[in-house]
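Worksheet: one structure, shown below.
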Amino acid sequence: MKFRASVVACALALLAGGCRREMYDQPRLEPMERFEFFADRRSLRPQPPGTVARGRLLEDRHLYTGYSEQAKQPVELFPTSEEALERTLARLAGPPLAESFPFAITRRHFARGRERFEIFCAPCHGLAGYGDGMVVRRGFRRPPSYHIERLRQAPVGHFFDVISRGIGAMDDFADRIPPEDRWAIVAWLRALQLSQWARLPEIPAGIPPARAPTPEIPPVRLQRDPPAELAQVQAEQRARLGSYGWIDPEKKILHIPVERAVELLLEAGLPVRASVAGKAGER
Amino acid sequence: MKRLLERREFVLSALAGLGACTRQPRETILPWGARAEAEAPDRPLYFATATPLGGFGLGVLVKTLAGRPVKVEGNPEHPASLGATDAFAQSWLWSLYDPARAQTITENGRPRTWAHFTEWLGLALREQRACQGEGLRILTQTVTSPTLAWQIAELLEAFPAARWHQYEPLCRDPGRQAVRAAFGRDVDLIYRFDRAECVVSLDADFLARGAAAVRYARDFMSKRPRLLVIETMPSPTGSKADERRTASPREIEGFSLALAAEMGIVPATQREDGAARWARELERHRGASIVLAGDEQPAQVHLAALAINHRLGNLGRAVEITEPVEALPELELASLSELARDIDAGRVEMLVMLGGDPVRDAPADLDFAARLARVRLRVHTSHYLNDTSRLAVWHVPEAHPFETWSDIRAFDGTATIMQPLIAPLWEGKSFHELLAAMRGRPDASGYELLREHWRGRAYSLFLRAGRSLAAEEDFERFWRRSLHDGFVAGSAAERLSIEPRRDLARLLAPPKPAAPLEVSFQPDATVWDGRFAGNAWLEELPKPMTKLAWENAAYLSRATASRLGLASGDVVEFRLDGRAVHAPVLVVPGHADGAVTLTLGYGRHGGGFDAGRIRTSAGFFAAEGLEVVRTARKHALASTQEHHRMEGRPLLEGGRRVESRTTSEEYAWGMVIDPEACTGCNACVAACVAENNIPPVGRDQLMRGREMHWLRIDLYAEGPEDAPRFVHLPVMCVHCENAPCEPVCPTGATVHSAEGLNEMIYNRCVGSRYCANNCPYKVRRFNFYQYADQTTPVRRMLYNPGVTVRTRGVIEKCTWCVQRISAARIAAAKEGRRIRDGEVVTACQGACPTGAIVFGDLNDPASRVRRLLAGRPSAALLERLGTRPRTRYLVSEPRHG
Amino acid sequence: MAKGALAMPDAARRYWWAAFGIASVLVLVLAGSLAVLLWRGLGIWGINAPVGWGFAIINFVWWIGIAHAGTLISAILLLLRQNWRSGVHRLAETMTVVAIGCAALFPLLHMGRPWLFFWLLPYPNSMGTWPQFHSPLVWDFFAILTYGFVSLLFWYLSLLPDLAVLRDQARSRRGRIAWCLAALGWRGSARQWETHRMACWLLAGLATPLVVSVHSVVSFDFAVSLVPGWHSTIFPPYFVAGAIFSGLALLIVLVVPLRALVGLGERITESHLDAMAKVLLAAGLVVTYGYAAELFFAGYGGSPYERYALANRLSGPYAPAGWALVALNVVAIQALWFGAARRRPWRLFTVALAVSAGMWLERFLIVVVSLHRDYLPAAWGIYRPTFWDWATLAGAAGWFAWLMLLLVRFLPVMPVAAASPQREPAAGSDDTARAVHPGTRPYGLAGVFTTAGQLVEAVRRARVEGYRRLDAFSPAPVEGLPAVLGAPRVRLSPAMFAGGLAGAFGGLLLQFWSNVIDLPLAVGGKAAASWQAFVPVTFECAVLGAALGALAAMAAATGLPEPHHPVFAIPGFERASRDRFFLLIETADERFDSLRTRDFLERSGAQEVHEVPG
Amino acid sequence: MPQILPPSANLAVRLALVGALGAGPALLWLFSSLGGSSWVTRAGEAPVQPVPFSHKLHVGGLGLDCRHCHWWVETGAVAGMPSAKTCMHCHAQVFSDAAPLEPVRSAFDGDRSIEWVRVADLPDFVSFDHSIHVRKGFACVTCHGRVDLMPLTEQPVAMTMRWCLDCHRNPERYAWPVEQVFRMDWQPEGDPVALGRRLVREYGLRRPTDCSFCHR
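Chains as they are written, first to last, in this note's numbering: chain A, 36 to 318; chain B, 11 to 907; chain C, 10 to 623; chain D, 12 to 227.
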């Protein structure tokens, strides 16, 4: 009986299970493969603190930190300890945030910024930046709308800094968004802000009456049809981004299509630091 | 047992066979936890650092993937590297992931912790403090590290009566004696081959040996001055000579004095035709010539070279004089002898040995093992447990250069701050941390110590550069810039314009008469002084001039061998001053008569013999009166090449300029090799091994002709046995357009790509080996056994994730680093452009110090390969077979008129 | 207990057991070395970087060469109607089959990953890959496959009547069932004999070009390559001659002791040996001519590599092997010019043994000595066979001997039909006729005759009487019987032709589809559709198709396999394979009448008349 | 002489012979079909994950872009897996004490890895680079299917070599406009074949079938 069973087992093994796996599983470490040599079983190893990789000199403070060149205090770019982090945080209050972009913003940057914004920011901030993204509708703390006076006045370096380091409930995105992309997102934020708070020299005819300045979010509840809801929310947000409408008829402030806002910004030009030549492409 | 189980599984599944139906086991993915990392695990990062050799650094870029070092490349901006490396630099990777490394701190062999050690250290030093450190000695190898020197200086301040000794078995004492005598102070000499028209080497293997070889080889080949070499044992430098003489060590000394006499520096004792001719050639290139003596040559030869250079006005031009690079230049043999005397006198209570293995490699007459035993407190730190470690009370594993912060200076003094690439895999500690512990700071990290030192030092550097250094921030900038670039700008040793003493000639004593049988001690081409013994990547490299691997032999000429009645493989007993060693002999074409060359560094890991057993302080680099006693034993030497004659076959026939035609495909890859520029130094082979996951096979398999190297350097010695002409020919897959290997493969596992690559698909290979038979170049390798280590966990990190690790039973061969081509192709395609010339650099090309290998796109009219082929005559290997290789070899045009 | 057709004297039996014991030990050695091979890898052999092929390929070529001689003797001599063939052809065919079994081991084992051998087969798979049909190894694979199949078929076919004899003599029930299955229901009917003769004839005609093609393809493994000493146009004919040479030699090596031991002296006479020796000499001279031609081409041609390769055989590190080859293959056979050497069995045996060893050495020279020093002197090397090389060689020889010994012992080494001296009927086989069940209609009536002449006469008369549903059974083919039976002529050749054509087209189509259309691979700078490379496999497929066609037609014509047939129930029918002749008249015949037919049979001289149960 | 075997033996022996002749091809067929079968390739099989992560919820319901978590996909060979930190960005607040998310929280707190089970796995001797594929118009859904509809993630197609080759030989059948590759529900307007041909031209798509493109 036992013999017969083992014969069957052997036959089955022959047919399938015992197939050769030469080179299917390499001894070399595949990305993120489990690796028992280390206690944490990760094949990913951290870069030793303090080391500088080729092409990661990051000397350009404006480009990589969002702080202006005039800042005297050094900022450790990659705090290696709690203490260093504290030092860095303490210095945050001090150095002036950059008022300008480190490189000239072109149409390409707006497109790139929009794309990155919609990938990383829109889930919370909403496509139009009112802080009404889908994640917020599921219970995440609502971020401030970009369309408040404080943020309209904030220097571009502030946004860069927030993306790089996080703020409040928001984590940092430095790992996911490289500096050039962060600046592109900041440019897009400017376009969003303009599109939702625009004064136009000539106001087109047929502007619909004002809506609530900031959309309300319904209380968190169980979803019935998430995809439909998603589609509806996105449609609303896109509508806001794609149309003319009054925000404040008295002050003659309206929301305009974001494409128009981009055109306006391109015409006017976003502020660029004085010494723009050369350094942008250090990587 | 585990291996056995795996083997059984392997065989069971082998019997079950039938690979197409493989069910995938589920694998897992382990992303980061609480931290985020910007780098994708498949995206390489390069970190500038340096690899040490004899205390001097070679600037390198270490490629890391997912935080694991996987490859060493040269640092193009570093003066010692200029983008190339030597074989040693490549092989540091092997030792990084070597499970045989010392892993834990031990006290008399029992495992201890760092806390235990530092506690003990504190107590021991408290005793010493009472007596000003009278009984404390520190023994290091040659130190150029500014931080280490600073730390030792501080320590000596705290313990004023303590002493610091330096010793390496391959020190530069004779040269130092010579400059001290000539200049009355310590200086270093730097040779500018790019300024030379004529070079005379007095047994100096400057193209392949030492800390400056990579740079010297590049400079030399870019200029190709006339090269005249006199040497005992054929060396890579000698193989490139326009004129090569052989001579025993004594004869070299005599010849150098004769040369000095011909220049009128000393009165002539006897005429030497060759010397006269060479002297005339040197005279013709006054100020643009170099005479240099090998490190192992006696001070007399160095002095003669110096005097000739001085007479020719070369000093300050082709020969530069600089401040010494070493932190404390000293005569190391004397330093060690002094330590031995102190031990004898009972003055040494505590000996801290940083690195090295003096028990094994100190001169035999010092009997260091016995003396060491007399020291009560013995601390040793090293990468591996060696003879000295076993005699030490405490042993602290030394952190690998890629695991720790440190600094080092290159041959010209340029300092590199060495960054760690990965946290120590085991409990390794750096010298800096150990010294800090001796100063009562057991927790100081290397990072802090380095910064402390450089913060102080930066001021002086900045001041020298004429810049003000106001703020902390400037130090940060300086620091980051130095780490990033891989060297500290402006840190090269200062050039001196000093003259040697006027009566230099009087220091030159008349030559000693030639002795009957002389012996010369030399570093080994692959294990150096033994510090790389056991490093399988290096051990397996065929030595440039003998093609031996995994062992050494006593080298002698055919005439000397027949005079002694010996043949290759005979084991003899060499006796010198009452000491003896058994060694097999090897007849080397082009070796000097009347001398035997013994290389150091073997006998430790099973292979070879330890020449150090008959090496004494008196005969440190050369000795006479060697007795040879034949034994009945024979020893089969492991060699990768059994035949060094051409058998009348033309190697590279014809030679024509080739106008490449553009093919319809996007790229057409091609390679050009300049055999004239190849010194046979093996850097390319080591780089290829590292890049392509080529497993070492060990001595036994190598002897059976089963080495796996995808790239070999064939060595031919043509012409008369005593004065042969050497040819180094790097041979790897030449990627024939009509590849004979392809049509014979039954499964289509080797086929041609549209871009002209002969491709090998391992997972389709059933191992018929027909392709290997049919390859006229014999570049295909077969995995007779499971050579690649698939089981040792730490070794898994050694493998380049871009290249498949081959299993038993499949063929492999050079792919022209197709993984690099693919990476470049993807990068270019994403940017919507073509691959730029120079964007794909094969591993061998990248490592080659002389730029003998050029790879590129033949479809690109501006590419270097295409221009080279159009501009210089070239030939394919075995061109008449009609295989149409894409690799062509440049054929020499007559040089020097 | 079936003992085969050989009555083995006790002395011979002792020798047999001794030989079998040695062979069994060697088989264990083979099994052991193969286990070690699979466990550890090819590294246990002496092969290395310049010498990628060693003993495995030498052994392969040697065994396959030996196999060829077997086919040659039985097929070509059949076609040439050489009478002396009859004494040795069974032995030769057996040797062929066993030698193929040995040869086929080696290409498989010499692979680095033998478990993937099936990648040489064209079959649709999830990878979308196909074999690479430009490779001589794939040609070889197809050639060996076809050759193995056709040889087996040929051997089995000629064995079929003898298997029936064994069945009829078997005493134990198990033995009877086993032989009955093996004989596939052979009854010795006139039609079966006729088909059998025709099939043997046609298969012989098929096997002859097949043999030539197979060893040509084996030689292509070398000739198609670039290796000096391999790359030669003379190789195909030279290999075929070499195959005949080595195979005949081994056959002589087998025949001489066997003849002495089992007393086959009257069947395999000295004139048989003489004929074989003459062919051996002729083949040897052709081979010698091949050596000379090789030397001439190398010397006359302009390639220094080729010249060196040939010179190296006689002056290099392996010169002893080279000179031994000359001594064994060229010098030793010169003795065969003399009748005294040809007709004295043991002298002939010695020469044949020398040739066998010499031919192994020839393959050693070709494979190893060519490879070890080819083009670049720096890449030269030395091949040293290891213990495992020798163990595998010896083990394979043992495996050959083991199979031969078993087959010789349990199967007739000579066609029984031809041999059939009258022997006593086996005891207790007459009394078991079962009673006919009343009510079932019998199948027919069978008359038993003692001579072939009586049977032919009876058939003729039955035809005159108007009987049409007749069948006649005899232990051997009876001249003229099919004609008097009036059976329609058996035609196998159309089916063979159709099969061959289908095979050729199928093979060609397969190669074109897989290598040109579905997975075009650029190899060696050749166009994917370089059809020349497809010729060998197309040919082999044609032969395979033809053989399959013949098999199918034969099955259709004879109704085999048919282990159950009513005639087997005729009492005493087991003598139909020995010394009795049967005429069967079926009840289905229009003129059948139980009484009258019985009367007719008795009148025609039937010794007995039996009713055949239905 | 009695009959040795019953009449039924005739059929049995004939069948056995035919079977023996056909066994080889049958075995080959078995292997060939087994090799591509979903049992071997695990296509359509959702493995048990340490956390029952639902793409349906996160992609279909929240509209997260693929790159929000797999952000190396445009630059690297591997698409990447988010660290626990990325998960905790939201889940520090949303479902912050849900039991199924316990592994995420403990991974984040202890800086350990969540050991995800690989869903789409190629043999290690195959090199695949995500970035060039998405850059040249091959959408996520083409290989990974509609993950926005998968409560538990599975690999919908068997990723055999034949399957890879199909696309490498006929890119026009599978190429999408580059702007759409991260969309889940995009449908071509008009003639898909014409669009494919246009994209092949526009993106300069080759038909890469050199072996070393994938095996090296």
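We put the beta carbon where it would ideally sit given N, CA and C, even for glycine. These numbers were taken from a predicted model, which means no experiment stands behind them.
Item	Value
R89 of chain A and F66 of chain B look like a contact to me (Cβ under 8 Å); what is the Cβ gap, rounded to whole Å?	Contact doesn't hold; Cβ gap of about 23 Å is too wide.
Which runs of the beta strand (DSSP E) spanning at least 3 residues fall entirely within the stretch 693-740 of chain B, listed in chain order?	722-728
P434 of chain B to P407 of chain B, Cα distance in whole Å?	10 Å
Please tell me whether V170 of chain A has its Cβ less than 8 Å away from any Cβ of chain D.	yes
Given a threshold of 16 other Cβ atoms within 10 Å of its Cβ, counted over all protein chains shown, does N118 of chain B qualify as buried or as exposed?	exposed
Suppose you measure from the CA of S310 of chain A to the CA of H97 of chain A; what does that come to, to the nearest Å?	11 Å
Three-state secondary structure (DSSP) at Q532 of chain B?	strand
Near L43 of chain C, which residues of its chain fall below 7 Å by C-beta distance, leaving aside the five closest residues on each side in sequence?	L118
Of the choices C:A250, C:L39 and C:A213, whose alpha-carbon is the least far from that of M505 of chain C?	C:A213
May I ask you to verify whether the stretch 569-589 of chain B touches the stretch 703-712 of chain B, counting CB pairs closer than 8 Å and requiring at least 3?	no
Decide yes or no for the touch test of the stretch 300-313 of chain B against the stretch 188-204 of chain B: beta carbon pairs closer than 8 Å, at least 3 of them.	yes
Kindly give me the distance between the Cβ atoms of P83 of chain A and S103 of chain A, rounded to whole angstroms, as I take these residues to be in contact under 8 Å.	Contact doesn't hold; Cβ gap of about 31 Å is too wide.
Indicate whether at least one CB of chain B lies closer than 8 Å to the CB of M120 of chain C.	yes
Ignore the nearest five residues each way along the sequence and tell me which others in R53 of chain B's own chain have a CB closer than 7 Å to its CB.	none
Assuming P244 of chain A and W281 of chain A are in contact, meaning their beta carbons sit under 8 Å apart, how far apart are those beta carbons, in whole angstroms?	6 Å
Should the stretch 61-72 of chain A be regarded as contacting the stretch 181-200 of chain A, the criterion being three or more beta carbon pairs within less than 8 Å?	no
Restricting to Cα atoms, I'd like to know which of C:A307, C:Y300 and C:L129 is closest to P246 of chain C.	C:Y300
Excluding sequence positions up to five away, which residues of its chain have a Cβ less than 8 Å from the Cβ of A480 of chain B?	With a pLDDT of 47 at A480 of chain B, under the threshold of 50, the predicted position of this residue should be treated as unreliable, and no value is reported.
Closer than 7 Å, Cβ to Cβ, to anything on chain C: give me those residues from the stretch 40-54 of chain D, in chain order.	S43, G46 and G47
Which residues of chain B have a Cβ atom closer than 8 Å to the Cβ of L79 of chain A, listed in chain order?	L40, P41, W42, E47, P51, A76 and G77
Judging by CA-CA distance, which residue of B:A50, B:R790, B:G423 and B:A270 is the nearest neighbour of A519 of chain B?	B:A270
Select from the stretch 499-530 of chain C all residues with a C-beta closer than 9 Å to any C-beta belonging to chain D, and list them in chain order.	L528, P529 and L530
With DSSP as the reference, label R451 of chain B as helix, strand or coil.	coil
Nearest to I427 of chain B by alpha carbon, out of B:S416, B:T150, B:V875 and B:G356?	B:S416
So with Cβ pairs under 8 Å, would you call W174 of chain D a contact of chain B?	no
On the DSSP letters alone, give me the boundaries of the beta strand (DSSP E) that C208 of chain B sits inside.	C208 to L212
Are the beta-carbon atoms belonging to R176 of chain C and V576 of chain C less than 8 Å from one another?	no
My parser needs the alpha helix (DSSP H) runs of 4 or more residues fully inside the stretch 505-587 of chain B; what are they?	546-549 and 568-574
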